[in-house]
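Sequences listed follow chains A and B, in order.
The opening position of the first sequence corresponds to residue 38 in the numbering used here, with each subsequent residue numbered one higher.
The opening position of the second sequence corresponds to residue 758 in the numbering used here, with each subsequent residue numbered one higher.
Heads up, the beta-carbon is just placed ideally off N, CA and C, and yes, glycines get one too.
Bear in mind the structure is a predicted one, so any value in this text is a computation, not a measurement.
Notes follow once the structure below has been shown.
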Amino acid sequence: MSWAVSKESPAAQPDEGPRDEDWFVRVYDETFDTVYHLARTLVRDHEGAQDIVAETYLRVWQARDTLCGQRTLLAWVMAITHNCAMDNLRARRPSVSLDLFDSIGDPGGAESPGPRITESDAEAIRRAITKLSQEQQQVIFLRFYQELPHEAVAAKLGKSPIAIRQIQFRALVRLRKLLQEDRSAG
Amino acid sequence: MRAERPSVTSEVELDQCLDQLLATGRWASGLPPGKRGSEIDSLMRVAALILSLTHFITRPRPRQKEFMWASVSHSLHGGTARFARHSKRPGRPCARLRFGSI
């Protein structure tokens, strides 16, 4: 049995084979894109993301025997990435004001690439995302950054589509609160 | 005190608006009327902000994947010996890996 992490694959399940070097190479090959992208989402710089990626796969190898069938491979690797990113971020907490929340709206009939934000705004959004639960981050990441429909997110994380809708709703409510607090603090 | 559970209807409507946002960059036509619509619109503004963050994130290039593989295998075993058989030639430690997905 094999797993894949492409948009087309229904799930990324741990296999029954030995957790040897071949297994590790396959895990790296199939999850690297997601791990790197998640790391870049949570930290701003490429160097920081590289550190997180390296640490993530080190922990994946060290903890390979703890992966069980209760969670998908992708969810497990993303959880490790999250933990590595949180460790990395503890040392850096810049304060940036966010002042564009009220100006964002549906562009209606106008063609628009979406709201224009500055690097400092992006930092505030990124900071808010890091305060979400691990589960919420995974859903937001796969839904927004990999642009997967909620059914595909559910399959990748081994959850029901209903659960994914609940998680994304609560995640957005939480992010709204965090961004409003950030704006107030600024 | 526990937060009030949002209705399943709101969760479904929000999900549909998210699909619209991802597909077209807009969501207004998917909003329900009334107070529920206002709440979902407010959340969709947050969603649009999050989506805009993707413009600041560049995807890794294939060479970065190879470079990182060298770093990972080195940190695991103090060298690439254990994973050397996955190499095809020096400088391309994971040449046998597929890079098409990047």
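For B/Ala804, the C-beta contacts it makes with chain A under 7 Å involve Leu209, in order along the chain. A/Thr155 sits in coil when the DSSP states are folded into three classes, being neither helix nor strand.
The beta carbon of A/Ala86 sits closer than 7 Å to the beta carbons of Tyr73, Ala76, Arg77 and Val80 from its chain, once the five residues preceding and following it are set aside; these are given in chain order. In the three-state reduction of the DSSP assignment, B/Pro819 falls in the helix class.
If you compare the alpha carbons of B/Pro790, B/Gly791 and B/Asp776 with that of B/Trp784, the shortest gap goes to B/Asp776. For A/Asp57, no alpha helix (DSSP H) run applies, since DSSP gives it neither H nor E.
With a 10 Å radius around the Cβ and a threshold of 16 neighbouring Cβ atoms, A/Glu172 comes out buried.
The residue from A/Asp70, A/Asn120, A/Thr93 and A/Lys168 with its alpha-carbon nearest to that of B/Arg820 is A/Asp70. In terms of CA proximity to A/Ala112, A/Val64 leads the group A/Leu212, A/Val64, A/Thr167 and A/Glu84. Using a Cβ-Cβ cut-off of 7 Å, B/Ile807 counts as an interface residue toward chain A, since at least one Cβ of chain A sits closer than that to its own.
Taking C-alpha positions only, A/Val90 is separated from B/Glu823 by approximately 12 Å. Within the segment 63 to 95 of chain A, the residues whose Cβ lies closer than 7 Å to any Cβ of chain B are, in chain order, Tyr65, Asp66, Phe69, Asp70, Tyr73, His74, Arg77, Thr78, Gln87, Val90, Ala91, Tyr94 and Leu95. Closest option to B/Leu778, judged by alpha-carbon separation, among B/Ser830, B/Ile814, B/His831 and B/Leu800: B/Leu800. Distances from the alpha-carbon of B/Asp798 to those of A/Leu110, A/Leu215, A/Asp102 and A/Phe206 put A/Phe206 closest. 7 Å or more divides the Cβ of A/Leu194 from the Cβ of A/Gln174.
In the structure shown, the three-state DSSP call for A/Arg77 is helix. The beta carbons of B/Leu810 and A/Ile162 sit closer together than 7 Å.
In the three-state DSSP reduction, A/Asp82 falls in the coil class, being neither helix nor strand. Looking at the backbone, the Cα of A/Lys196 and that of A/Ile204 are separated by about 10 Å.
By a beta-carbon distance limit of 8 Å, B/Leu833 contacts A/Leu95. Their separation comes to about 6 Å. Between A/Ile166 and A/Ile177 the beta-carbon gap is near 7 Å, inside 8 Å, which marks them as a contact. B/Glu768 has a beta carbon lying within less than 7 Å of a beta carbon in chain A. Within 9 Å of the CB of A/Leu126, no CB atom of chain B is found; the nearest one sits about 16 Å away. Around the beta carbon of B/Pro817, a 10 Å sphere encloses 16 or more other beta carbons of the protein chains shown; the residue is thus reported as buried.
DSSP places B/Arg802 in the helix class (H, G or I) of the three-state scheme. Contact note: B/Ser795 does not reach chain A at a C-beta cutoff of 7 Å; the least C-beta distance is about 12 Å.
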